[in-house]
Structures are given as C-alpha cells and as structure tokens.
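In my numbering, the protein residues as written are 1318 to 1534.
Written below as structure tokens is the structure these notes are about.
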Amino acid sequence: MIEDLFAAQEAAQPWAESIDPGAVVLRGFALAQAPALLATVADIAAVAPFRHMLTPGGLAMSAAMTNCGPLGWVSDAHGYRYAPVDPVSGAPWPALPPGWLALAREAAATAGFAGFVPDACLVNRYAPGARMSLHQDRNERDMTQPIVSVSLGLPVIFQFGGMQRSERPRRVPLMHGDVVVWGGPARLRYHGVLALKDDVHPLTGNCRINLTFRKAG
Ligand code: MD3
Ligand code: FE
C-alpha cells in the first residue's frame, strides 16, 4: 500500500533518503554542478567577502558567511535578521545566479515542494574546527516554505534535533554534492553541525562550503 509507493519512489530515486517527515537528503544531487557552484562562490565572495559575523552576545561565529540574493542573513549586536544590503559594503548583495535558483527549485520539487522561489542564499564556509551549534531557523516570514541546503567540499556530521534544544540530536553525515530539503514538520527542528575535521578536498582544499536557500521575505 503506502509502503509500496515509498518503495517505488526509492527505486526511481535511489539517492533520495527520507531522514524524517519533511526532511529529504538527495545524495549527490549537486555533484555535476559542484565545480560551477564553487567558481560562482568565488565570484560572490569577491564582491561580498566572507566574514565572521558577531552573535548578539558579541562572539564571532566560527563559520565565515556571505550571501547572495535580494535578501541576506545578518547577525550583529542588534540580533539576527535579513537585510537587502551588505553591512560591510553598504551595497546590495550579489544577485542569485540563475543556475543556483534552478538547482534549489528542482531539489525542492523533487522533495515535494513545488514552486519554491528563494529570495536569499546564505553561504557558510567552515575551516577545520568551525562548527554551528544547535539552533532553529526562524527569521523567515513564511514557515510553509522549505530550506534547501547544498553541501560542498569536506564532509561534516550534521545534527538533526527536535523541537526543543534539549532533545538529543541524531547524526547525519553530509557529503560533497548532497542536497537536503527541510520543510513541513522538519522546518523548525533544532539543527547544527559538529566541528569540521582537518582534511583536504580536491575541489575546496581544507574547507566545507554550505549554501542554504531560503524564502525569507
Ligand atoms: C534543518 N547551516 O545556515 S545546513 C544555517 O551546514 C545552517 O551550514 C548548516 O544551519 C550548515 O542555518 C546546516 C542544513 C540545514 C539548514 C537549515 C535548516 C538544516 C535545517 C532549517 C531547518 C531545519
Ligand atoms: Fe540553520
């Protein structure tokens, strides 16, 4: 019955792993596009350089960040929010590349979220030792819209928690080329990544890059 439907879908898309209701890992979905994505990350960073934003508590985040799209995620002493201009340059964030939009849209549709049109892409860069502690993404206006994440470069252990920080998270390895769609009941779950292990990836060297596509406004 319904199990047969899931089995049929898994056979058709062997790389799609449901890790929880609303959370689908598309293994290797961005593999073919990875070199082009990384070249474009460099173009974006030439205009809006990676920086370590400050938390509202005044600590520098260990992941370096930049953005592209009409809105960008920023953190400073005033809190977390989306802003149309880069506070470092005072200029709008670089545009969302069409190929990035298409990738995010296709991944979301594959996971059952047709019509996803992100207006923000946060680009995180992790050097060895960098991590992201458990948090919820709740600065976006419409929580019916998913978040699409693309992992590039070194692998990391992702932590997938519950609706409360106290719930012990599950560990899911995320590798180069993996795309994850987080929507529905997974959208407000606590999540984070463990400290990046020191290693070398042929395309990124000693770092991991993560793109997260959001409908923020
Ligand atoms: C689950 N980034 O930028 S991506 C973030 O690897 C963030 O850079 C991590 O958490 C990273 O906010 C994790 C996977 C991810 C992104 C957003 C989510 C998982 C999510 C939103 C809701 C639930
Ligand atoms: Fe997050």
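Glycine is no exception: its CB is placed at the ideal position from the N, C-alpha and C atoms.
Computed from a predicted model, the values in this text were never measured in an experiment.
Under the DSSP definition of a beta bridge, which residues are partnered with TYR1399? In the sequence shown, counting from the first residue as 1, residue 1399 sits at position 82. DSSP output for TYR1399 lists TRP1390 as bridge partner(s).
Using three-state DSSP, classify GLY1494 as helix, strand or coil. Position 177 of the sequence shown, counted from the start, is the residue given in the question as residue 1494. Three-state result, GLY1494: coil.
Can the beta-carbon of ALA1347 be found less than 8 Å from the beta-carbon of VAL1510? Against the sequence shown, residue 1347 aligns to sequence position 30. Against the sequence shown, residue 1510 aligns to sequence position 193. No; because the gap between Cβ atoms is not below 8 Å, this pair is not in contact.
Check whether the Cβ of ASP1454 sits closer than 7 Å to any heavy atom of the ligand FE, and report yes or no. The sequence position of residue 1454 within the sequence shown is 137, counting from 1. Yes.
Cβ-heavy atom distance, HIS1369 to the ligand MD3, below 7 Å: Taking the first residue of the sequence shown as position 1, residue 1369 is located at position 52. Not so, every heavy atom of the ligand MD3 lies at least 7 Å from the Cβ.
Closest to GLY1386 by C-alpha separation, out of GLY1407, ALA1421, ASN1456 and PRO1411, would be which residue? Within the sequence shown, numbered from 1, the residue matching residue 1386 stands at position 69. Cα-wise, what sits closest to GLY1386 is PRO1411.
Do ILE1464 and the ligand MD3 come close, with the Cβ less than 7 Å from some heavy atom? Counted from its first residue, the sequence shown places residue 1464 at position 147. Checking every heavy atom of the ligand MD3 against the Cβ of ILE1464, one is found closer than 7 Å.
Between the alpha carbons of ARG1531 and ALA1340, how many angstroms are there, rounded? Counting from one through the sequence shown, the residue named residue 1531 turns up at place 214. Counting from one through the sequence shown, the residue named residue 1340 turns up at place 23. About 15 Å.
Quick check: TYR1290 and GLY1407, are their CB atoms within less than 8 Å of each other? With the chain covering only 1318 through 1534, there is no way to say anything about residue 1290.
CB of PRO1472 within 8 Å of CB of HIS1493, strictly: Walking along the sequence shown from the start, residue 1472 turns up at place 155. Walking along the sequence shown from the start, residue 1493 turns up at place 176. Cβ distance < 8 Å, so PRO1472 and HIS1493 count as in contact.
Where VAL1341 falls: helix, strand or coil (DSSP): Translated into the one-based positions of the sequence shown, residue 1341 becomes position 24. Of the three classes helix, strand and coil, the one that applies to VAL1341 here is strand, per DSSP.
Contact test: LEU1439 Cβ vs the ligand FMN heavy atom, cutoff 7 Å: For the structure depicted, the ligand FMN is absent and the ligand set comprises only the ligand MD3 and the ligand FE.
Option nearest SER1392 by Cα separation, candidates ALA1353, ASP1454 and PRO1338: Mapped onto the sequence shown, residue 1392 falls at position 75. Closest by alpha carbon: ASP1454.
Is LEU1469 closer than 8 Å to TRP1355 when the C-beta atoms are compared? The residue you call residue 1355 lines up with position 38 of the sequence shown. The residue you call residue 1469 lines up with position 152 of the sequence shown. Checking the displayed sequence, the identity of residue 1355 turns out to be Leu instead of Trp. Closer than 8 Å, so yes.
At a cut-off of 7 Å, is HIS1508 close to the ligand FE when judged by its beta-carbon and the heavy atoms of the ligand? Mapped onto the sequence shown, residue 1508 falls at position 191. Because some heavy atom of the ligand FE lies under 7 Å away, the Cβ of HIS1508 counts as near it: yes.
Give me the Cα-Cα distance between PHE1367 and GLU1334, rounded to the nearest whole angstrom. Taking the first residue of the sequence shown as position 1, residue 1367 is located at position 50. Taking the first residue of the sequence shown as position 1, residue 1334 is located at position 17. Cα-Cα distance, rounded: 32 Å.
Would the region 1440-1451 and the region 1500-1518 be scored as touching if the rule is three or more Cβ pairs under 8 Å? yes
I'd like to know whether the C-beta atoms of MET1449 and ARG1504 end up nearer to each other than 8 Å. Taking the first residue of the sequence shown as position 1, residue 1449 is located at position 132. Taking the first residue of the sequence shown as position 1, residue 1504 is located at position 187. No, they are not a contact pair.
From LEU1413, TYR1397, PHE1433 and PRO1338, pick the residue whose C-alpha is nearest to that of HIS1452; which is it? The residue you call residue 1452 lines up with position 135 of the sequence shown. Among LEU1413, TYR1397, PHE1433 and PRO1338, the Cα nearest to that of HIS1452 is on TYR1397.
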